[in-house]
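Chains as they are written, first to last, in full-length UniProt numbering: chain A, 1 to 340; chain B, 1 to 340.
Below is one structure, written out as structure tokens; the observations come after it.
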DNA sequence: TATAGTAAAGAAACCGGTTTCGATTCTGTT
DNA sequence: AACAGAATCGAAACCGGTTTCTTTACTATA
């Protein structure tokens with residue numbers, strides 16, 4: 001038989017209510033009985049049933065984690081997974097556990113909202129590089145506290161965290177500029193992605209800010225943020241005529257694919273073309289040449305997401321957003337000498 | 001107000017019990033009322049409270065996921081995370097969701113068993129490259145169905161999946177042998193790790209099986225399975241005298257670290273020393289030279305783990321283990337020509 | 001000593017489901 | 001028409017907690 005509150009009450013010779021009060025720090029219980037009961041709880045290792053507690057209080061201490069968007073983003077995604085890791089740690093410290101919703105087909109059109117109700121989650125975090133689907137929109141607009149990671153949630157009980165994408169792009173352009181590169185290209189994603197669009201817009205703005213001209217021929221797009229798209233995009237760039245001197249890829253995986261394509265064509269990095277990625281995933285350190293990239297502070301993104309969600313759950317904030325400053329990580333893929 | 005079974009019952013003009021019976025496929029309910037109620041459920045999008053259901057049935061449709069061991073293994077681990085991904089997908093298809101236990105300090109000595117009871121999980125999966133801790137042992141011996149990934153669980157309601165580590169090693173040795181390498185080294189981990197020990201034992205056995213001699217000077221160990229340990233282990237190997245002609249690293253990350261050390265010393269791969277890793281993580285494709293490695297069928301490991309756990313939960317099996325066959329992935333790090 | 005006020009504890013309703021068991025209605029048979 | 005048996009449905013107890021409200025015991029004050 002499972003240990004329950006009634007058994008604890010009997011062992012201590014008190015009522016069930018008294019035990020409950022002790023576990024929830026009510027004040028109307030004498031110090032003496034409190035100690036006695038706590039000792040029994042300690043000895044027996046009693047832990048109250050989460051279901052019963054949730055049923056009674058409508059609070060579950062559970063945070064729902066949603067990988068939104070069509071496939072693609074899951075535990076194997078090198079960027080999100082690090083944010084998630086930090087988020088999980090921080091949420092654990094705050095006393096919450098994480099529950100992951102399966103988004104398999106058999107779910108009625110990925111109805112995240114009703115799953116949140118089903119599990120009585122206190123809040124949830126939505127991870128996605130893609131534009132909003134309607135199921136997410138519904139959740140965003142609901143009364144369930146939500147935090148988006150790289151996803152702009154606007155609901156009254158929602159917020160989001162992301163890196164400063166404009167600044168990402170401008171740091172890249174500045175780096176290129178100072179090294180003497182003037183003919184700049186871009187590899188983005190056509191996936192319905194706010195992130196890609198923001199980075200591209202910022203990139204264009206920064207180029208113009210430095211008084212350079214934007215050549216749209218050097219702007220190509222893969223269908224997502226993964227390696228094969230980068231390969232394929234660079235193939236097109238190579239095929240389409242004279243190359244830019246430097247290219248910014250909106251993700252490291254895109255850059256990795258681009259490297260593969262360049263190598264196949266016997267082009268040297270950075271002598272023939274310089275390259276900067278984005279995300280600073282592990283693999284950047286192992287390529288030849290090693291990949292200059294933008295480091296997003298994933299740990300901080302996770303911690304911020306956790307704290308924002310906590311505040312939202314406890315009505316201590318009104319939502320909003322946090323933007324985290326990126327950092328340029330200089331490695332070998334842009335060379336070091338001034339270019340003509 | 002939250003939609004609940006009573007409201008559905010009222011709307012349909014039937015009793016609560018009838019609604020419950022319909023949702024649980026009882027037979028003593030007429031087709032007519034069944035259709036009427038189902039229609040209302042459909043329209044309203046009603047989804048029964050998991051807490052209430054769990055409280056009443058003691059089944060939660062939740063699977064606990066535990067990252068065991070001291071830190072180190074978490075969402076960012078390139079191997080486990082892929083197994084987990086496949087596991088999650090399969091478990092989703094089987095109708096379960098995943099809950100991740102925080103293993104933060106504030107938990108009384110990581111008492112996984114009581115957390116399982118707390119959440120009424122139907123079963124759990126334990127992921128770890130390290131030897132058993134007592135908290136895991138307790139869970140293993142309990143009546144809660146458990147599956148270990150790379151962790152030998154022996155309890156009556158437990159099972160495990162792992163790759164055939166002996167075969168991993170023997171495939172590597174065979175590869176070395178056929179390419180003409182005779183002087184073989186090994187980089188393992190001193191972490192209390194069954195995996196490292198199994199691979200090392202299998203490696204030695206295979207070397208002897210080919211009639212070669214084992215030189216223990218060429219067997220070095222890092223303190224874990226990560227890149228810095230590989231770097232540091234290779235440093236020691238280089239410092240300690242004449243090098244072997246080929247080295248098997250018990251993980252790709254160890255191999256990556258070894259590559260870094262070799263490059264720093266101006267040693268060429270594979271001309272001066274050949275290298276094989278293990279796991280086939282993404283990064284293998286991006287190193288120079290690309291890394292020959294052993295591919296573990298992570299997807300299959302995840303699927304097997306899911307099905308074993310499902311059977312265990314439904315009393316359709318007695319536990320046991322599944323061993324998955326590994327495959328050699330030949331890339332550039334061993335060269336291709338026969339060595340003298 | 002009587003009384004008011006406070007501290008401590010418990011009874012009971014409630015959360016939203018499940019499940020047993022008894023009641024009622026519907027068949028078909030003689 | 002009477003009745004057995006099956007089909008259908010609902011009442012109520014239960015799961016393990018929380019919380020309100022009442023009761024009881026104790027303390028302090030006049």
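Each residue gets a CB set at the ideal place from its N, CA and C atoms; glycine is no exception.
Per-residue contacts from residue i into chain B (C-beta, under 7 Å)
i	result
residue 286 of chain A	256, 283, 286, 287
residue 159 of chain A	Residues of chain B passing the Cβ test: none, with the nearest at roughly 22 Å.
residue 119 of chain A	50
residue 81 of chain A	75, 76, 81
Proximity winner among the options, relative to residue i (alpha-carbon distances)
i	options	result
residue 288 of chain B	B:58, B:256, B:297, B:309	B:256
residue 230 of chain B	B:190, B:241, B:202, B:206	B:190
residue 203 of chain B	B:177, B:166, B:181, B:192	B:166
residue 292 of chain A	A:17, A:301, A:89, A:281	A:281
residue 279 of chain B	B:266, B:267, B:296, B:265	B:296
residue 331 of chain B	B:311, B:274, B:320, B:219	B:274
residue 171 of chain A	A:294, A:14, A:76, A:9	A:294
residue 322 of chain B	B:299, B:159, B:112, B:46	B:159
residue 250 of chain A	A:163, A:12, A:270	A:163
residue 186 of chain A	A:221, A:195, A:325	A:221
residue 271 of chain A	A:98, A:181, A:151	A:181
residue 88 of chain B	A:101, A:77, A:116, A:326	A:101
residue 260 of chain A	B:266, B:290, B:237	B:290
residue 5 of chain A	A:52, A:336, A:276	A:52
residue 317 of chain B	B:140, B:157, B:239	B:157
residue 326 of chain A	A:218, A:199, A:335	A:199
residue 247 of chain A	A:239, A:266, A:276	A:276
residue 207 of chain A	A:46, A:15, A:60, A:175	A:175
residue 315 of chain B	B:145, B:240, B:15, B:112	B:145
Within chain A, partners of residue i - CB distance below 7 Å
i	result
residue 54 of chain B	51
residue 316 of chain B	What residue 316 of chain B touches in chain A: nothing, since even the nearest Cβ is about 21 Å away.
8 Å Cβ cutoff met for residue i and residue j
i	j	result
residue 233 of chain A	residue 258 of chain A	yes
residue 58 of chain B	residue 120 of chain B	yes
residue 125 of chain A	residue 93 of chain A	no
residue 179 of chain A	residue 244 of chain A	no
residue 96 of chain A	residue 63 of chain A	yes
residue 301 of chain B	residue 147 of chain B	no
residue 173 of chain B	residue 210 of chain B	yes
residue 29 of chain B	residue 44 of chain B	no
residue 312 of chain B	residue 123 of chain B	yes
residue 81 of chain B	residue 75 of chain B	yes
residue 253 of chain A	residue 227 of chain A	yes
residue 68 of chain A	residue 134 of chain A	no
residue 194 of chain A	residue 152 of chain A	yes
residue 90 of chain B	residue 303 of chain B	yes
Contacts of residue i in chain A (Cβ-Cβ under 9 Å)
i	result
residue 85 of chain B	74, 75, 76
Interface partners of residue i on chain A, CB under 8 Å
i	result
residue 251 of chain B	In chain order: nothing, as chain A lies at least about 13 Å away.
residue 220 of chain B	Near residue 220 of chain B there are no residues of chain A at all, since even the closest Cβ is about 21 Å away, more than 8 Å.
residue 193 of chain B	Neighbours of residue 193 of chain B on chain A: none; closest Cβ ~21 Å, over 8 Å.
Partners in chain B for residue i, counting only beta-carbon separations shorter than 8 Å
i	result
residue 43 of chain A	Near residue 43 of chain A there are no residues of chain B at all, since even the closest Cβ is about 12 Å away, more than 8 Å.
residue 296 of chain A	Going along chain B, no residue has its Cβ under 8 Å from residue 296 of chain A, so there is no contact; the nearest lies around 14 Å.
residue 356 of chain A	The question about residue 356 of chain A has no answer, for chain A in this structure spans 1 to 340.
Chain-ordered neighbours of residue i on chain B, where CB pairs are closer than 9 Å
i	result
residue 102 of chain A	88, 89, 91, 92, 93, 95, 96, 97, 98
Looking at chain A, which residues of the region 87-100 of chain B have a Cβ within less than 9 Å of any of its Cβ atoms? 88, 89, 91, 92, 93, 95, 96, 97, 98, 99, 100
Quick one: which unbroken alpha helix (DSSP H) runs of 4-plus residues sit fully inside the region 112-195 of chain B? Chain order, please. 112-119, 134-141, 165-178
Where the region 173-184 of chain A meets chain B: residues whose CB sits under 7 Å from a CB there: Near chain B, meaning a CB-to-CB distance below 7 Å, no residue of the region 173-184 of chain A qualifies.
Please list the residues of the region 227-243 of chain B that have a C-beta atom closer than 7 Å to any C-beta atom in chain A, keeping them in chain order. Residues of the region 227-243 of chain B that bring their beta carbon within less than 7 Å of a beta carbon in chain A are absent altogether.
Between the region 119-151 of chain B and chain A, which residues of the former have CB atoms less than 9 Å from a CB of the latter, in chain order? 119, 120
What are the start and end residues of each continuous alpha helix (DSSP H) run of 4 or more residues lying completely inside the region 280-319 of chain A, in chain order? 298-313
Select from the region 319-335 of chain B all residues with a C-beta closer than 9 Å to any C-beta belonging to chain A, and list them in chain order. none
Interfacial residues, the region 269-280 of chain B to chain A, with Cβ spacing under 9 Å: none
Identify every run of the alpha helix (DSSP H) within the region 37-70 of chain B, keeping only runs that are complete inside it and at least 4 residues long; order them along the chain. 50-57
Could you run through the region 3-31 of chain A and flag, in chain order, every residue whose CB is less than 9 Å away from some CB of chain B? Correct list: 3.
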